[in-house]
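So the sequence shown is numbered by our numbering: it starts at 41 and just counts up by one.
Just so it is clear, CB atoms sit at the ideal spot from N, CA and C, and this is done for glycine as well.
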Amino acid sequence: MPTAGLCLLCRQASDGRVCRPCQGALDALAIGPDHCMQCALPLGQSGRVCGRCLSKRPAFDSAHIPYRYEFPLDYLIARYKFHGCRGSGALLGQLFGRWLSQQQLPHPPELILATPLHWRRLLKRGFNQAETLARAASRATGVAHGRRRLFKHRHTSDQHGLPRKERLANIRGAFSAERVRGLHIALVDDVLTTGTTAREISQCLRKAGASSVQIWALARTPEDGH
């Protein structure tokens with residue numbers, strides 16, 4: 041846990057979790073309107089849909105993501121996700137909640153669900169970072185945060201570094217959902233990379249009767265590369 045009064049990033053004196061210059065570095069990662077209208081991939085032009093979403097439309101309806109997955113945000117996510125830094129986790133939840141509270145979503149969801157971990161990974165890590173963000177999202181929006189609706193019932197290899205085809209095979213059939221018939225759902229995760237997991241879970245939720253699914257993530261990789 042960071043020493044009180046020091047910035048989580050530069051370790052200089054700060055009256056908050058991060059100092060003003062480091063907050064400015066985080067703010068500079070904000071994704072503007074120039075992104076894919078379906079999956080939020082930064083494109084450099086607004087009002088477009090990326091090639092992947094055009095060739096195979098995902099089961100989710102839209103993605104709402106505030107930041108690019110670059111330094112220093114990737115550092116904070118890694119510190120929380122892999123090293124259990126609670127200060128970093130609290131800051132990530134604060135950033136996410138603050139952004140969501142400022143959004144005027146055209147189709148607000150009725151239920152927030154976190155991308156689940158298999159029990160083995162949850163036991164090893166001790167927490168689910170997506171649950172932390174889902175709770176922050178619920179507090180910011182007033183939308184209910186659901187539990188025991190979405191499950192990962194098959195342990196899979198880490199998706200990081202796998203080629204796209206192997207990602208698809210690795211995650212296929214790993215999730216199940218129940219009691220979501222007729223609901224409009226926001227699925228929360230920390231990072232959206234290729235969207236493989238989000239697509240698989242969205243299909244699962246659709247099969248379980250969800251009326252719509254939108255993705256809420258904290259960060260989006262600038263290039264849809266792995």
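### Message
Tell me the DSSP secondary structure of residue 123 in three-state form.
### Response
For the purposes of this step, residue 123 is taken as the residue at position 83 of the sequence shown. The answer is helix: DSSP assigns residue 123 an H, G or I state.
### Message
Relative to the C-alpha of residue 114, which candidate in 168, 74, 214, 129 has its C-alpha closest?
### Response
Numbered from 1 along the sequence shown, position 74 holds the residue referred to as residue 114. Nearest C-alpha to residue 114: 129.
### Three-state secondary structure (DSSP) of residue 215
In the sequence shown, the residue the question calls residue 215 occupies position 175. Looking at residue 215 - three-state DSSP - the assignment turns out to be strand.
### Query
Taking the alpha-carbon positions, what's the residue 59 to residue 119 distance?
Along the sequence shown, read from residue 1 onward, the residue named residue 59 stands at position 19. Along the sequence shown, read from residue 1 onward, the residue named residue 119 stands at position 79. Cα to Cα, the separation comes out at about 17 Å.
### Task
Just the C-alpha distance for residue 55 and residue 48, rounded to the nearest angstrom, thanks.
The count along the sequence shown starts at 1 and reaches residue 55 at position 15. The count along the sequence shown starts at 1 and reaches residue 48 at position 8. When rounded, the distance between both Cα atoms is 11 Å.
### Cβ neighbours of residue 98 in the same chain (closer than 8 Å, five flanking residues each side left out)
Position 58 of the sequence shown holds residue 98. Only 78, 79, 235, 238, 239, 242 meet the Cβ criterion.
### Query
Under the three-state reduction of DSSP, which class applies to residue 264: helix, strand or coil?
If you number the sequence shown from 1, residue 264 lands on position 224. Note that residue 264 has pLDDT 49, beneath the 50 cutoff, so the model's placement of it is unreliable and no number is given.
### Query
So is residue 193 buried or exposed if we call it buried at 16+ other beta carbons inside 10 Å?
Within the sequence shown, the letter at position 153 stands for residue 193. Answer is exposed; the Cβ neighbour count stays below 16.
### Query
residue 123: which of 61, 220, 165 sits nearest, CA to CA?
Position 83 of the sequence shown, counted from the start, is the residue given in the question as residue 123. The option with the nearest alpha carbon to residue 123 is 165.
### Query
Should residue 153 and residue 225 be called a contact, given that it needs their Cβ atoms to be closer than 8 Å?
Working through the sequence shown from its first residue, we reach residue 153 at position 113. Working through the sequence shown from its first residue, we reach residue 225 at position 185. In this structure, residue 225 lies closer than 8 Å to residue 153 by Cβ.
#### Entry: Between the CA atoms of residue 110 and residue 254 - distance to the nearest angstrom
The residue given as residue 254 occupies position 214 in the sequence shown. The residue given as residue 110 occupies position 70 in the sequence shown. About 23 Å.
### Task
Could you tell me whether the Cβ atoms of residue 170 and residue 229 are closer together than 8 Å?
Walking along the sequence shown from the start, residue 170 turns up at place 130. Walking along the sequence shown from the start, residue 229 turns up at place 189. Yes, they are a contact pair.
### Spatial neighbours of residue 223 in its chain, beta-carbon cut-off 7 Å, leaving aside the 5 residues before and after
Numbered from 1 along the sequence shown, position 183 holds the residue referred to as residue 223. Cβ neighbours of residue 223 beyond the five flanking positions: 150, 151, 250, 251.
### Task
With a cut-off of 8 Å on the beta carbons, I'd call residue 105 and residue 212 a contact; round off their distance for me.
Taking the first residue of the sequence shown as position 1, residue 105 is located at position 65. Taking the first residue of the sequence shown as position 1, residue 212 is located at position 172. About 24 Å; that fails the 8 Å criterion.
### Task
Work out the CA separation of residue 45 and residue 157 for me, nearest whole Å.
On the sequence shown, residue 157 is found 117 positions in, with the first residue counted as 1. On the sequence shown, residue 45 is found 5 positions in, with the first residue counted as 1. Rounded to whole angstroms, residue 157 to residue 45 spans 33 Å at the Cα level.
### Residues of its chain near residue 76, where Cβ-Cβ distance is below 7 Å and the 5 sequence neighbours each way are ignored
Position 36 of the sequence shown holds residue 76. Cβ neighbours of residue 76 beyond the five flanking positions: 83, 88, 89, 90, 93.
#### Entry: Of the listed residues 142, 257, 220, 102, nearest to residue 182 (C-alpha basis)
Here residue 182 refers to the residue found at position 142 of the sequence shown. Residue 142 is the option with its Cα nearest to residue 182.
### Message
Measuring only the C-alpha atoms, how far is residue 136 from residue 217?
### Response
Here residue 136 refers to the residue found at position 96 of the sequence shown. Here residue 217 refers to the residue found at position 177 of the sequence shown. Each residue's Cα considered, the two are about 25 Å apart.
### Query
By Cβ distance, which residues of its chain are closer than 7 Å to residue 53, with the 5 residues on each side in sequence left out?
Start at 1 with the first residue of the sequence shown, and residue 53 comes out as number 13. Cβ neighbours of residue 53 beyond the five flanking positions: 45, 46.
#### Entry: Own chain, CB closer than 8 Å to residue 85, minus 5 neighbours either side, in chain order
Here residue 85 corresponds to residue number 45 of the sequence shown, with the count starting at 1. Excluding positions up to five away in sequence, the list reads 74.
### Task
Taking residue 196 as the reference, give the member of 214, 95, 177 with the closest Cα.
In the sequence shown, residue 196 corresponds to position 156, counting from 1. Closest option to residue 196, Cα to Cα, is 214.
### Task
Pull up the distance between the alpha-carbon of residue 245 and that of residue 220, whole angstroms please.
Here residue 245 corresponds to residue number 205 of the sequence shown, with the count starting at 1. Here residue 220 corresponds to residue number 180 of the sequence shown, with the count starting at 1. Cα-Cα distance, rounded: 7 Å.
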